[in-house]
Amino acid sequence: MHLFILQRLNGKELNKVFKQVLGWLIAAIFFFPIYFWITVSIKKDKDIFALPPKLFDFEVSFSAYEEVFGISRFLYVEDMGAVRPGGGDFYMMPNLVDSIIIALGSTGLAMLISILAAYSLSRIPIRGQQHFMGWILSTRMMPPVAVAIPMFFIYKNIGLMDTHLGIIIIHALMNLPLAVLLMKSFFDDIPKDIDEAALLDGATRFFVFWRLIVPLAIGGIAATAVLCFIFSWTEFIFVLMLTQTGLKTIPVVSTSFVTSTGTAWDNMAALGTAAIIPAFIFILLVQRHLVRGLTLGSVKQ
Amino acid sequence: MSSQKSYSLPSFMNSDSSLPWLLPLVTMLIVFAIIPFFYNIYLSFHEFVPAKRALLFVGWDNWIRLFTDGVFWGSLKVSLYYTFMCLLIQLVLGMGIALLIDSDDPGFGIIRSILTLTLVIPPAIAGMIFLIMEDANYGLIPWLLKSIGLIGPEDTILSDPTLALWGVMIVDIWQWTPFMVLILVAGLRSLPSEPFESAVIDGARPFQVFRRLTLPMLHKVIAVAVLIRGIDLWRMVDYVFVLTSGGPGTATYTLSLYSWQRFTFVQWGYGATISLFSLIVILIVGNAFIHFAKVKW
Chain A
279 MHLFILQRLN GKELNKVFKQ VLGWLIAAIF FFPIYFWITV SIKKDKDIFA
329 LPPKLFDFEV SFSAYEEVFG ISRFLYVEDM GAVRPGGGDF YMMPNLVDSI
379 IIALGSTGLA MLISILAAYS LSRIPIRGQQ HFMGWILSTR MMPPVAVAIP
429 MFFIYKNIGL MDTHLGIIII HALMNLPLAV LLMKSFFDDI PKDIDEAALL
479 DGATRFFVFW RLIVPLAIGG IAATAVLCFI FSWTEFIFVL MLTQTGLKTI
529 PVVSTSFVTS TGTAWDNMAA LGTAAIIPAF IFILLVQRHL VRGLTLGSVK
579 Q
Chain B
119 MSSQKSYSLP SFMNSDSSLP WLLPLVTMLI VFAIIPFFYN IYLSFHEFVP
169 AKRALLFVGW DNWIRLFTDG VFWGSLKVSL YYTFMCLLIQ LVLGMGIALL
219 IDSDDPGFGI IRSILTLTLV IPPAIAGMIF LIMEDANYGL IPWLLKSIGL
269 IGPEDTILSD PTLALWGVMI VDIWQWTPFM VLILVAGLRS LPSEPFESAV
319 IDGARPFQVF RRLTLPMLHK VIAVAVLIRG IDLWRMVDYV FVLTSGGPGT
369 ATYTLSLYSW QRFTFVQWGY GATISLFSLI VILIVGNAFI HFAKVKW
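So the protein sequences, as listed, match chains A and B. Under our numbering, the first residue of the first sequence is numbered 279, with each subsequent residue one higher. Under our numbering, the first residue of the second sequence is numbered 119, with each subsequent residue one higher.
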């Protein structure tokens, strides 16, 4: 509130400059850890561990990226058998591919189910709709651990442990409350008159849904899909508990870089940077709908 | 409409019943929410007995153990402290920043965009970022705190029983304060301007305007932000897992982490009991909050 007071004391111009400076300072503080992380990925070990920290004047090296993406595999094939101190193999392409398969698969599944349900909830009210919505919201509250422990036994019994399909299903389930509530809010924005006019003309429900309403909601569908993708991409505890050996997504595998003989910070940072840059691009593309998405469709921008 | 013929396949969907539309969702939610819930209840009355290599019925043992387990009470305290402190700090900080950057002046759009970036970082990787920044030997943050004399030259953050939790909380505050900012900015932008104009004409002081007009009119937006953030704070496990694994000792065990840790020690029944407790608490508190704050979806 001191800003308002400043405005009264010092007049509008100074206040404007002050707000700009303070605003950029805050943005810089929040951006700094990201910048720092990116620099770790292109630093050499001696610069990573330097104090005072080297923020700008460090030697640039892309060897961490070469290892993580396996570029060195193509360049010096015979090297790859050797075990590096501080860890073994840092070739992470399989894990990136796993992460992408899981995120895409779970997003597709969650969207398919949620678009159908959200259209129905928006257009054909059911008895106890409010309770039903409350139930969907309640599933959003469940701690992942409380779901993952029973799921561990269920997955063991039906053979979904360590499979792409198993993680795709659990991530889709995790994203359903968000996707349904968010998609309902987007469908609610489209006038119901469109449906009713088309239905009067003899169109079927599914035709109205698929040919009229879905195209109109395509922006909302894209935004919802991006959020589902990101939440699957960043999810940690389900993958940790429902996979044992082979299948590990990026967030989980990156924690394994901390080993007893030391931490491969540059490799970890390279992988982390590679994981967050696509997410940055995606989120900026749907920024218009971001707040609505974060509040499950409750606050509109 | 002749083109309707090509839609003969989902004919069951052409009725005005919502059942076929909702069926996939309900099936999935039963699998996700109902079955695990009851399975957890089942597990909470069983325990894996290593001698017999089997999951055996143990009656109320897990529940009795829960309420007499000092580590459980400690982790409950940590979860509550973590949730409330982070919520409070993020709300206050978020409101301050939101009031600052709720502006159409050039530049503030970019500032808002920069603030969205932290939200899409995998929490485990956010933990990694702060793990290196808080490292005892070559971390940036301890070095900074030492050079301005806030902590002694031999002090650490993540292995200090009192500071470790704050070392974890700082990550949460960094990553999720922008969440509050963006939601509150959207709320501020949707406010009508007339009441504020007449308040200024009436000569109201800025703080009065904020308390009497801004806050009440933002009530719904704040309630939604607090609800969603509160749920996620209560469920948080990634940061402690990466940064401290619950240590030093048991100083930073949250309920979720303790539950996971018991699970990995093959105390499946007890782990399930802790997670069930955590689930019941959030269901009751969350739904009570929705009811009393009149949050509507």
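Note that CB positions come from ideal geometry on N, CA and C, so glycine has one too.
Inter-residue Cα distance where the pair is residue i and residue j
i, j, result
"G364 of chain A", "V338 of chain A", "No answer about G364 of chain A holds up, because its pLDDT of 41 lies below 50 and its placement is not dependable."
"V423 of chain A", "I326 of chain A", "35 Å"
"P271 of chain B", "P260 of chain B", "9 Å"
"G301 of chain A", "T317 of chain A", "24 Å"
"P154 of chain B", "F430 of chain A", "10 Å"
"D187 of chain B", "L249 of chain B", "30 Å"
"G359 of chain A", "V517 of chain A", "Legend: pLDDT at G359 of chain A = 46, less than 50; position of this residue unreliable, no value from coordinates given."
"V355 of chain A", "E344 of chain A", "Low confidence applies here, because V355 of chain A scores a pLDDT of 48, under 50, leaving its location unreliable and the question unanswered by this model."
"G212 of chain B", "L574 of chain A", "19 Å"
"L397 of chain B", "P421 of chain A", "6 Å"
"V361 of chain A", "L263 of chain B", "With a pLDDT of only 45 at V361 of chain A, under 50, the local geometry of the prediction cannot be trusted, and no value is derived from it."
"P403 of chain A", "I346 of chain B", "25 Å"
"K294 of chain A", "F334 of chain A", "30 Å"
"M146 of chain B", "G321 of chain B", "57 Å"
"D323 of chain A", "A553 of chain A", "21 Å"
"T551 of chain A", "F163 of chain B", "44 Å"
"M519 of chain A", "P241 of chain B", "16 Å"
"F507 of chain A", "N453 of chain A", "9 Å"
"G571 of chain A", "F297 of chain B", "11 Å"
"F487 of chain A", "Y397 of chain A", "8 Å"
"S363 of chain B", "D544 of chain A", "22 Å"
"F535 of chain A", "T541 of chain A", "6 Å"
"L351 of chain B", "I400 of chain B", "11 Å"
"V446 of chain B", "W178 of chain B", "Here chain B has residues from 119 to 415 only, and residue 446 of chain B is not among them."
"F150 of chain B", "A476 of chain A", "36 Å"
"I468 of chain A", "T482 of chain A", "18 Å"
Alpha helix (DSSP H) segment containing residue i, residue limits
i, result
"V358 of chain B", "D356 to L361"
"L143 of chain B", "L137 to L147"
"L375 of chain B", "L373 to T382"
"I398 of chain B", "W386 to F410"
"F297 of chain B", "A282 to R307"
"L209 of chain B", "G188 to I219"
"S576 of chain A", "Where S576 of chain A is concerned, there is no enclosing alpha helix (DSSP H), given that its DSSP letter is neither H nor E."
"F226 of chain B", "F226 to T234"
"D376 of chain A", "M371 to R401"
"K434 of chain A", "P422 to I436"
"W415 of chain B", "Segment: none, W415 of chain B is in no alpha helix (DSSP H) and carries neither H nor E."
"P556 of chain A", "W543 to L563"
"E69 of chain B", "Residue 69 of chain B is absent from the structure shown; chain B starts at 119 and stops at 415."
"A341 of chain B", "H337 to R353"
"V531 of chain A", "I528 to T533"
"S416 of chain A", "Q407 to M419"
"P324 of chain B", "P324 to V327"
"V346 of chain A", "S341 to V346"
Terminal residues of the beta strand (DSSP E) in which residue i lies
i, result
"F166 of chain B", "H164 to V167"
"A172 of chain B", "A172 to F175"
Nearest-angstrom Cβ-Cβ length linking residue i and residue j, presumed shorter than 8 Å
i, j, result
"V577 of chain A", "V569 of chain A", "6 Å"
"A244 of chain B", "Q293 of chain B", "5 Å"
"I215 of chain B", "I391 of chain A", "That pair is no contact at about 37 Å."
"N158 of chain B", "I448 of chain A", "So it is not a contact: roughly 15 Å between Cβ atoms."
"S193 of chain B", "Y371 of chain B", "4 Å"
"V458 of chain A", "A395 of chain A", "5 Å"
"T391 of chain B", "L140 of chain B", "Actually they are not in contact, since the Cβ atoms of T391 of chain B and L140 of chain B sit about 33 Å apart, beyond 8 Å."
"L205 of chain B", "G348 of chain B", "6 Å"
Min CB distance residue i to chain E below 8 Å
i, result
"D320 of chain B", "No chain E appears in this structure, whose protein chains are A and B."
If contact means a Cβ-Cβ distance below 9 Å, which residues of the segment 152-172 of chain B contact chain A?
I153, P154, F155, F156, Y157, N158, Y160 and L161
Taking only runs of the alpha helix (DSSP H) that begin and end inside the segment 236-263 of chain B, which ones reach a length of at least 4 residues, in chain order?
241-251
Taking a cut of 7 Å between CB atoms, which residues from the segment 542-555 of chain A lie near chain B?
W543, M546, G550, A553 and I554
Unbroken stretches of the beta strand (DSSP E), 3 residues or longer, contained in the segment 443-500 of chain A
none
Ordered list of alpha helix (DSSP H) runs contained in the segment 282-336 of chain A, each at least 4 residues
290-319 and 323-326
Can you pull out the residues from the segment 363-397 of chain A whose beta carbon lies closer than 8 Å to at least one beta carbon of chain B?
L390, I391, S392, L394, A395 and Y397
Under 9 Å (Cβ pairs) to chain B, residues found in the segment 411-428 of chain A
M411, G412, W413, I414, L415, S416, T417, R418, M419, M420, P421, P422, V423, A424, V425, A426, I427 and P428
Report the residues of the segment 559-575 of chain A with a CB closer than 9 Å to any CB of chain B, ordered along the chain.
F560, I561, L562, Q565, L568, V569, R570, L572, T573, L574 and G575
Counting only runs that start and end within the segment 500-524 of chain A, where is the alpha helix (DSSP H) found for 4 or more residues in a row?
515-520
Chain B contacts made by the segment 499-516 of chain A, where a contact means CB separation under 9 Å
I508, W511, T512, E513, F514 and I515
Pull out every residue of the segment 282-296 of chain B whose Cβ sits closer than 7 Å to any Cβ of chain A, in chain order.
W292 and P296
Anything in the segment 315-349 of chain A with a Cβ closer than 8 Å to a Cβ of chain B? List those residues in chain order, please.
W315, V318, I326, F327, A328, L329, P330 and P331
Could you run through the segment 171-188 of chain B and flag, in chain order, every residue whose CB is less than 7 Å away from some CB of chain A?
none
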